[in-house]
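Residue numbers (this note's numbering): 1 to 473. Structure first, then comments.
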């Protein structure tokens, strides 16, 4: 049959081709479909149940393009490369295997069909047998680097006989190759390897992703590196991109390829999933794509709660919550280095803070007890957007409190009990996290102070250590 492929016969003659024919798939025995064979007879079903309906046919799973490469491609390529003996090919075998070796042989002359036999003769030679008649260009300082292929190094020739029934007979004439098959694969890739990147499987893929997939040995069902055996060991990313661009030029003649690619990229954003490694087919609209990404690739959002200081300059990338800073000192250094602003951060956030009169009104409405006042202040300052209290600011109200009057231990315990009753467990956990964050920030600030003291005074303790040691500055 036309669809059956015939393997190489043991002898290159044409008279034993009928013995190599595979048996016909058509026989007289009737074949039942899986749906019909699985159905029980209707009289065996209960009368109240309708007969089962056959399930609709399911589309086949999307196979890897590497599985289309014949498993014995290395043997066939070696046979067609050496041509130590004449090789007979049927039309099906020719169409399947010759594209994997067309980078070796080049045809030079084709004769007309013979009036007696109808045979067409094609004469050719190895690709590396070509000789260049053009002299090498002069190399100057402004000339770009060029690499020229070495020519005239192989004297292998072949001739191909095409019979009227489509069979082909390939024979080598003259010397054998002076190089290996691996060498000519590095010079030029065959058409089957190059056209494999245009498979629908790689639709909307980038060239680098296609190259990584083809080089991955786990992408195919074969046990060996089938793509290298087919001649694709030396293919590179730019060559894959050139193949894609050539297909676009052929599909859209007379148009700018860059414009076509931009339109295709814009269309891919709405129809294909950009998630790495996702092979889902295109979607009809953005809603379907969004639903697929939510169902298949939904991940937890990043936690940016520690980045509590953001840049007030709207055009700065640090103005985003995800790009914020963790400490007030880091924000001051960012403002000084990136924006040249020496204004204190407290004045920068004046637009986000409230006025002094409004703060006084809030404090006057608070309770008179010191513990309640402190709690109201902490809740008020925590609710201000973009403002966090300085963790290293000393408590300057201790002396005033001692002058106004001392509180007994019972009052302090009562206030602590009241505070414990007011806060929930969630609020307490948040306070614990903030305490750890402030302690970490304090350690960073102490380390920075010691570094500056060492640079200025030569001692980690600073000016006080130099004064107490008796040094006169």
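Positions of the beta carbon are idealized from the N, C-alpha and C atoms, including for glycine.
- Comparing alpha-carbon positions, the option among 295, 73, 272 and 214 lying closest to residue 284 turns out to be 272.
- Of the residues 163, 70, 147 and 220, the one whose Cα lies closest to the Cα of residue 116 is 163.
- Counting along the chain, the unbroken alpha helix (DSSP H) around residue 183 starts and ends at 181-187.
- Residue pairing for residue 89: DSSP places it in a beta bridge opposite 168.
- Cβ-Cβ separation between residue 460 and residue 450: approximately 4 Å, consistent with a contact (criterion under 8 Å).
- Three or more pairs of CB atoms, one per stretch, sit closer than 8 Å, so the segment 97-106 contacts the segment 120-129.
- The way I'd put it, the segment 226-242 doesn't touch the segment 87-96; fewer than three beta-carbon pairs between them come closer than 8 Å.
- Restricting attention to 173, 167, 69 and 72, the CA atom closest to the CA of residue 158 is found in 173.
- Going by C-alpha positions, residue 225 is about 16 Å away from residue 236.
- A Cβ-Cβ distance of about 4 Å is found for the pair residue 122 and residue 160, placing them in contact under the 8 Å criterion.
- Nearest neighbour of residue 177 by Cα position, chosen from 222, 446, 78 and 140, turns out to be 78.
- Within the segment 231-274, no run of beta strand (DSSP E) reaches 3 residues while sitting entirely inside it.
- The continuous beta strand (DSSP E) containing residue 120 extends over residues 120-126.
- The beta carbons of residue 231 and residue 190 sit closer together than 8 Å.
- Around residue 234, the same chain offers 185, 186 and 189 as residues with beta carbons nearer than 8 Å, after the five sequence neighbours per side are excluded.
- With respect to the C-alpha of residue 73, the residue from 98, 156 and 64 having the closest C-alpha is 98.
- Annotated as distal: residue 208 and residue 179, with beta-carbon spacing of 8 Å or more.
- Contact between residue 181 and residue 81 holds, since their C-beta atoms are separated by about 5 Å, short of 8 Å.
- Bounds of the alpha helix (DSSP H) holding residue 79 are 73-82.
- Counting along the chain, no beta strand (DSSP E) covers residue 315, and no H or E run does either.
- DSSP, reduced to helix, strand and coil, places residue 98 within a helical segment of the structure shown.
- Under DSSP, residue 110 takes part in a beta bridge, and its partners are 122.
- For residue 161, the enclosing beta strand (DSSP E) has its first and last residue at 156-162.
- In the DSSP annotation of this structure, residue 324 is not part of any alpha helix (DSSP H), being labelled neither H nor E.
- Under the DSSP assignment, residue 195 falls in the alpha helix (DSSP H) whose first and last residues are 191-195.
- Looking at the DSSP output, residue 175 shares a beta bridge with 156.
- The beta carbons of residue 220 and residue 66 sit closer together than 8 Å.
- Annotation for residue 66: no alpha helix (DSSP H) segment contains it, and DSSP assigns it neither H nor E.
- For the 8 Å CB-CB criterion, residue 156 and residue 175 form a contact.
- Taking a C-beta distance under 8 Å as the contact criterion, residue 194 and residue 94 do not qualify as a contact pair.
- Around the CB of residue 327, 16 or more other CB atoms lie within 10 Å, so the residue is classed as buried.
- Judged by their CB atoms, residue 144 and residue 136 are not nearer to each other than the 8 Å cut-off.
- With contacts defined as CB atoms closer than 8 Å, residue 331 and residue 309 qualify as a contacting pair.
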